[in-house]
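Counting in the working numbering, the sequence shown runs from 63 upward without gaps.
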Amino acid sequence: MSPVLAGLLQLLALIAALALAHLPLGNHLARVYSSGAHRRVERWIYRGVGVDPDAEMRWPAYLRCVLVFSVAGVLFLYLLQRLQGVLPGSLGFASIDPDQAFNTAVSFVTNTNWQSYYGEQAMGHVVQTAGLAVQNFVSAAVGMAVAVALVRGFARSRTGELGNFWADLVRGVVRVLVPLAAVAAVVLVAGGVIQNFSGIHEVGQFFHGRGAGGSQQWNGGAVASQEAVKMLGTNGGGYFNANSAHPFENPTPFTNLFEIFLMLLIPFSLPRAFGLMVGSVRQGYAILATMATIWAGFVALMMWTEFTHRGPALEIAGGAMEGKEVRFGIGGSSIFAVSTTLTSTGAVDSFHSSFTGLGGGITMLGMMLGEIAPGGVGSGLYGMLIMAVVAVFIAGLMVGRTPEYLGKKIGGREIKFAACYILITPALVLVLTAAAMTLPTPGHSMTNSGAHGFSEVLYAYTSAANNNGSAFAGLDADTQWFNTTLGLAMLLGRFLPMVFVLALAGSLARQIPVPATAGTLRTEKPLFTGLLAGAVLIIAGLTYFPALALGPLAEGLAS
63 MSPVLAGLLQ LLALIAALAL AHLPLGNHLA RVYSSGAHRR VERWIYRGVG VDPDAEMRWP
123 AYLRCVLVFS VAGVLFLYLL QRLQGVLPGS LGFASIDPDQ AFNTAVSFVT NTNWQSYYGE
183 QAMGHVVQTA GLAVQNFVSA AVGMAVAVAL VRGFARSRTG ELGNFWADLV RGVVRVLVPL
243 AAVAAVVLVA GGVIQNFSGI HEVGQFFHGR GAGGSQQWNG GAVASQEAVK MLGTNGGGYF
303 NANSAHPFEN PTPFTNLFEI FLMLLIPFSL PRAFGLMVGS VRQGYAILAT MATIWAGFVA
363 LMMWTEFTHR GPALEIAGGA MEGKEVRFGI GGSSIFAVST TLTSTGAVDS FHSSFTGLGG
423 GITMLGMMLG EIAPGGVGSG LYGMLIMAVV AVFIAGLMVG RTPEYLGKKI GGREIKFAAC
483 YILITPALVL VLTAAAMTLP TPGHSMTNSG AHGFSEVLYA YTSAANNNGS AFAGLDADTQ
543 WFNTTLGLAM LLGRFLPMVF VLALAGSLAR QIPVPATAGT LRTEKPLFTG LLAGAVLIIA
603 GLTYFPALAL GPLAEGLAS
């Protein structure tokens, strides 16, 4: 079987699996966030925390709960790392340095999961399971809660109430993430992913240039369970430094395809829940079609760039195989790379720095779009709905009518919230990249010079500010400068957009619905889907094109 055909068959199998899961999971998500009943375990949690799950919140109260919960998570995870040296199950690893502990705590709480350390050489079992794995669940649940609050803003009228954050958080963990992650972990164990609490093992002998000799240290861990929620919650932090390229995390082509399925599962099902909650399934399909069109286009473009044969070496290998696992091939690696950067997952089964110049640019552009096709768990849906508001506003200007979306008027207040949301991330990425390239010290972390070296820095800040967490490789990010500035980019890139999302939700919820007329833009039609996709690509393209031209485009055109 040719590598191209193998890649296409994997793609078709993935699409079929996602299509089968879309209806049941989307329906389940809508029921979870629309139900007024509380399960027994949920009531125990509410009593333990001391909150009333039935108390409705306006957007400032909802936002305060998000921030308080997240700050508490950062402090707990920071202290856990700083105390690792005296904790049981540390595998003999020392406590984490302050700047790296700050970076890691912020990274996992913001659903970024950027790692400037070697997981198998730094984190013991307690930090991995009680710290990092727990944040994989709750950070994903926070994203879903904010998305649901925005959906309620569209669905409700004459009220500023958006639900209860604590109820949304607990339901997301208990009813969605834990059951799905448990099933996924069993599948991964059956596929060969390890799951244990063993210590460090000395393994040898290894062949090198002068013959056999030497050894390596490998440690075990509860990898399958963390891998399941890492992908399902679009988290991305790996147990090992090689991430999903490591055979303990991702041993076979089946597990590779299954992990891609997991990272796309909830983001592609949330539009169904959105349609049900606003009372129009067709509106959900319009959002889904936009997401799927952009994702499929990026996959096709990535496969084309990586399968293009230039020179004898690439012809023999069947494409650009540098930096890719032979067991996954170009097809599986391309689908994984696009999916992990168009969501906020950040896991990698190949090294994006080794992709072709244009291929590396595709991974960056996927994040620069705002990771909305289908995006992260929760963040993808609310990001796409923000773009829908902008697209409706543009259409209203074109035809001279007051913009409306789902019966809500999009006025100056709403479009200001949407504009602020869109501008935050590019400002963080471009300003911090410019600072790193201007100052003398950060440049010492670059392995490469020229366009590729610039791409390393641009990718790092794009990944951090968009809460992706993947790395271009080649950049030594474990320095005080990068640990601090990337940590700040993750914090601001996560929570500043949430301020404007929730403010927009509150503004929409207070409105009185406007009845549709003959002149109302039909936002469930293919015309709007095309308009929305065009708005996404044009806004991101105009914002980031100069930076992309200096990095991946220059490298790709020169090769």
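Even glycine gets a Cβ: it sits at the ideal position worked out from N, Cα and C.
- Around A551, the same chain offers L490, L494, Y523, A526, A527 as residues with beta carbons nearer than 7 Å, after the five sequence neighbours per side are excluded.
- Secondary structure of R120 (DSSP, three-state): strand.
- Rounded to whole angstroms, the gap between the alpha carbons of I322 and L76 is 8 Å.
- Annotation: A217 to L619 spans about 48 Å, alpha carbon to alpha carbon.
- Inclusion of V439 and M293 in the CB contact set at 8 Å is not warranted, their separation being larger than that value.
- In its chain, beyond the 5 residues on either side, L80, P436 have a beta carbon closer than 6 Å to the beta carbon of F330.
- Under the DSSP assignment, Y108 falls in the alpha helix (DSSP H) whose first and last residues are 102 to 111.
- The three-state reading of DSSP puts K587 in coil, since its state is none of H, G, I, E or B.
- For T166, the uninterrupted alpha helix (DSSP H) run begins and ends at 160 to 171, by DSSP.
- A direct Cα-Cα distance of roughly 12 Å separates A571 from L468.
- Note: I262 is bridge-paired with N281 in the DSSP secondary-structure output.
- Around the beta carbon of K470, 16 or more other beta carbons lie within 10 angstroms, which makes this residue buried.
- Secondary structure note for K478: its alpha helix (DSSP H) is the uninterrupted segment 474 to 500.
- In the displayed model, M63 falls within coil according to three-state DSSP, outside both helix and strand.
- Cβ-Cβ distances below 6 Å link P465 to V454, F455, G458, I472 in the same chain, with the five nearest sequence neighbours on each side left out; the list follows chain order.
- Considering only E289, H263, A209, V400, the residue with the shortest C-alpha distance to N175 is E289.
- Taking a C-beta distance under 8 Å as the contact criterion, T407 and T541 do not qualify as a contact pair.
- The C-alpha of T605 is placed about 12 Å away from the C-alpha of A597.
- Scanning the segment 512 to 571 for uninterrupted alpha helix (DSSP H) segments of 4 residues or longer gives 512 to 527, 542 to 571, listed from N- to C-terminal end.
- Contact between the segment 473 to 488 and the segment 232 to 243 is absent: fewer than three C-beta pairs spanning the two stretches fall below 8 Å.
- The shortest CA-to-CA distance from T352 to any of M426, L443, G419 is the one to L443.
- For E617, the enclosing alpha helix (DSSP H) stretches over residues 614 to 620.
- Following the DSSP letters along the chain, one finds Q573 in no alpha helix (DSSP H), marked with neither H nor E.
- Contact between P488 and F390 does not hold, since their C-beta atoms are separated by about 32 Å, which reaches or exceeds 8 Å.
- Assignment of beta-bridge partners to E223 by DSSP yields R120.
- In the displayed model, Y140 falls within a helix according to three-state DSSP.
- Spatial neighbours of G613 in its own chain (CB-CB distance under 6 Å, excluding positions within 5 residues in sequence) are listed in chain order as A513, F516, S517, L520.
- In the three-state scheme derived from DSSP, where H, G and I count as helix and E and B as strand, M508 is classed as strand.
- Judged by DSSP in its simplified three-state form, Y467 adopts strand.
- Cα atoms of D538 and I484: separation of roughly 29 Å, rounded to the nearest angstrom.
- One thing to note: V452 has its Cβ no nearer than 8 Å to the Cβ of S532.
- Rounded to the nearest angstrom, the Cβ distance from F369 to I349 is 31 Å, too far for a contact under 8 Å.
- I256 sits close to F310, with the two beta carbons spaced by under 8 Å.
- The shortest C-alpha to C-alpha distance from A286 to any of L324, R109, V133 is the one to L324.
- Secondary structure of S178 (DSSP, three-state): coil.
- Following the DSSP letters along the chain, one finds M185 in no alpha helix (DSSP H), marked with neither H nor E.
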